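So for the sequence shown, my numbering puts the first residue at 17; every next one is plus one.
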Amino acid sequence: NLHPPPNYPHPPLMPAETNECPWATDLLRYLVESGGYVHPSIVVRADRTVRIQDTTATSATTSTIPRNTVLLTIPSSCCVTQDNCSKRFVSVVKEKTSELTMDTGDLLLAFHLATIADDSVLNRSPYARSFPPSTSYNSHPRRWSHSQQSSLLGGTSLLQKCREDAEALKRDYETVRACYIRRKAFGDTPSDSFPFPSYERFDDAFAAVSSRGFAGLGSDGSDAMVPLLDLLNHRRGTSTHSSTSNGKDVRYTYLPSKGSQSTSIEVVADRDLPAGTILHDTYGAKGNSQLLSRYGFCLETNWEPDGSCNDVVEFKVKVQQPYGDVSTTVKLRAGPKSYTYGGFVKALECFLFDDQEQDDGGDDEDGGMEAFLDEEEEEEGFGMMYGSMDEIEEDDDDDAQSTQAECTALEKLSASLETARQGYTLQGPALQNALTTNDCSPEHCAALLISSERRTLLLFKLAAVAIRRQLRGEEIDMGAYKGLDVDDTLVSQMEELVTAYGAIRHDGF
């Protein structure tokens, strides 16, 4: 039920003044002259946003593009895919695949883009000129200095990941470069050779690929760089297809060749689009750690329609055992009970196991077996046949000990969660100041990530405190929430987790 575009070729493009910079007009013209289609209402601004403009010249009524209208048809010949990559890169990466860490498809595209950037002719292509300046990729944390990483990401799992990514990328570059030099020395270099790109060029190109590439839109199902479509920013939200939807504005699909039409990517309106709409895509249900690592930005509200937060906290727990401390990681995610219960129980059981190990006192296996045999001898006694009251008393004692152990574990869990909340290097006034900057600076992005993680840890901490009070027969003190920046959603999800825990583990409190 698509609203198809008019017959090719596209009618004359909008005058240059409707696009605020020459590269935007040149890019639209390039797509159309290559056999593509651009809806007359599409306009590209200097800030690299793609918008819907009002094309009604004689009416005061605001025009709206209906859902299912074809907005763009982008020829595959305008895209950058592995088919465009120099044979020298393809052969070298193929030979060294087992030694490479980063995605080989991303590496190939990055080497190709780095070559374009170093070539004065290729770099004048309309698509290449639509790329932002390389400094825009400095928001990727792997490109930050070590001191900046430590001061902004300390306490997050992203700190280690961004350093590992930086090391892996440099290592992959050197691996490919060494292989290329060896092949060149033996005269095994294809005739399409250009000078091998510098690491700085390659680093910029890889950042472009990781933040702007599309999976599966290449002719063979590989990744592709798609002009104009890669200018759309990310947004998550509902999928109601209404004018008030906060979800994606478009959907796209790869179209195989048909008759005289070559392969292309078709972009369609996924909802009614009123004039003035800034078009958004969705990159998927990704947490801020993933968004910052791959795309260089974070979302202030990264929530799904079901109330779950896409941010996942990697909560590290140290369990004391006779042979030494053992560290484990539990993934915690805020949301309804289906998201919180499993992580909470897994984290709590780490501390329950810890207590049981300590209660054992480090007895060896022989001692445990001797105690087991003593119990067996007692059970053979005549009095055990009539010892029902003793059994009840023992059961009561066991329940009391079990409850006490559970309360102790809950206390340790809540303390560990609070330690994690206080373990971020960006804290207090510095954190609040970074939140109020309202830009895409590293400080602001790190502050959004840390604030979300601290909120999740607080949810689980308050749940642990509330469950412990319930087990001890105490009322939950709602006043304890004051001063903790607790919102209604957090309280509701915490109470739902507490109720679920009581119902499953204790047949209700």
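For every residue, glycine included, the Cβ atom is placed at its ideal position computed from N, Cα and C.
As the structure is a prediction and not an experimental result, all values here were calculated from the model.
Using the Cα positions of residue i and residue j, report the straight-line distance between them to the nearest angstrom.
i    : j    : result
L185 : C423 : 47 Å
T356 : N326 : 12 Å
M405 : A416 : Residue placement at M405 is flagged as unreliable, the pLDDT there being 46, under the threshold of 50; the coordinate-derived value follows with that caveat. Those two C-alpha atoms are separated by around 16 Å.
S309 : S161 : 14 Å
K264 : G312 : 19 Å
E434 : H250 : 32 Å
A519 : I483 : 11 Å
L88  : A516 : 48 Å
G99  : H460 : Note that residue 99 is Asp in the sequence shown, not Gly. Roughly 39 Å separates the two Cα atoms.
T505 : K302 : 20 Å
T260 : T85  : Summary for T260: the model assigns pLDDT 43, below 50, so the residue's position carries little reliability; its value from the coordinates is reported in the next sentence. Looking at the two C-alpha atoms, the distance is approximately 18 Å.
T172 : D119 : 24 Å
Q277 : Y270 : 13 Å
C195 : A446 : 47 Å
R158 : R193 : 21 Å
R45  : G52  : 9 Å
A431 : Q438 : 11 Å
W39  : D246 : 15 Å
C178 : R228 : 18 Å
S107 : S508 : 56 Å
G275 : I281 : 16 Å
A523 : W319 : Here the sequence assigns Asp to residue 523, which means Ala is not the residue at that position. Cα to Cα, the separation comes out at about 31 Å.
N454 : D501 : 19 Å
M526 : P56  : The structure shown does not extend to residue 526, since the chain is modelled only from 17 to 525, so the question has no answer here.
D63  : P213 : 29 Å
Q164 : P458 : 9 Å
K362 : N449 : 35 Å
V346 : V328 : 10 Å
L43  : Y215 : 28 Å
P352 : I197 : 55 Å
Answer yes or no: do residue i and residue j have a C-beta to C-beta separation smaller than 7 Å?
i    : j    : result
P243 : T80  : no
S305 : G121 : no
I90  : L125 : no
D220 : S150 : yes
A285 : R217 : no
D188 : L116 : yes
A479 : L513 : yes
K334 : S324 : no
A462 : L169 : yes
L465 : A436 : no
F360 : F476 : yes
L541 : D297 : Because the chain spans 17 through 525 in this model, residue 541 falls outside it and cannot be assessed.
L364 : T419 : no
V54  : V60  : no
K112 : T191 : yes
C94  : S50  : yes
C456 : S273 : no
F127 : F147 : no
T293 : I68  : yes
F331 : L348 : yes
Y268 : V283 : yes
What distance in whole Å lies between the Cβ atoms of residue j and residue i, which are believed to be in contact at a cut-off of 8 Å?
i    : j    : result
T441 : S167 : 6 Å
S141 : T279 : 19 Å between Cβ atoms; not a contact.
R83  : R287 : 5 Å
A224 : Y143 : Actually they are not in contact, since the Cβ atoms of A224 and Y143 sit about 11 Å apart, beyond 8 Å.
L451 : S468 : At roughly 11 Å, the Cβ-Cβ gap does not stay under 8 Å, so L451 and S468 are not in contact.
T97  : A201 : Going by Cβ atoms, the distance from T97 to A201 rounds to 30 Å, so no, they are not a contact pair.
L307 : L315 : 7 Å
For residue i, which three-state DSSP category applies?
i    : result
E330 : strand
F525 : coil
C325 : strand
E391 : Residue confidence is low: E391 scores 44 on pLDDT, short of 50, so the model does not pin down where it sits. No coordinate-derived value is stated.
I408 : Confidence at I408 is low in this model, with a pLDDT of 46, below 50, so its placement is unreliable and no value can be given for it.
K264 : coil
L271 : strand
P6   : Because the chain is modelled from 17 through 525, residue 6 falls outside the range shown and cannot be assessed.
N84  : coil
P243 : coil
V108 : helix
H257 : With a pLDDT of only 37 at H257, under 50, the local geometry of the prediction cannot be trusted, and the value read off the model is given with reservation. Looking at H257 - three-state DSSP - the assignment turns out to be coil, as it is neither helix nor strand.
T120 : helix
V502 : coil
H531 : What is shown of the chain runs 17 to 525, which leaves residue 531 out entirely.
key: Secondary structure, alpha helix (DSSP H): runs of 4+ residues fully inside the region 430-459   = 444-451
key: Uninterrupted beta strand (DSSP E) stretches inside the region 273-328 (no shorter than 3 residues)   = Look at the region 273-328 and you find these whole runs of beta strand (DSSP E), each 3 residues long or longer: 280-285.
ask   = What residue ranges within the region 147-184 form continuous alpha helix (DSSP H) runs of no fewer than 4 residues, ordered along the chain?
value = For the region 147-184, whole alpha helix (DSSP H) runs of length 4 or above, ordered along the chain, are 162-169.
task = Only counting runs of 4 or more residues, tell me where the alpha helix (DSSP H) segments fall wholly within the region 214-240, in order along the chain.
result = 215-228
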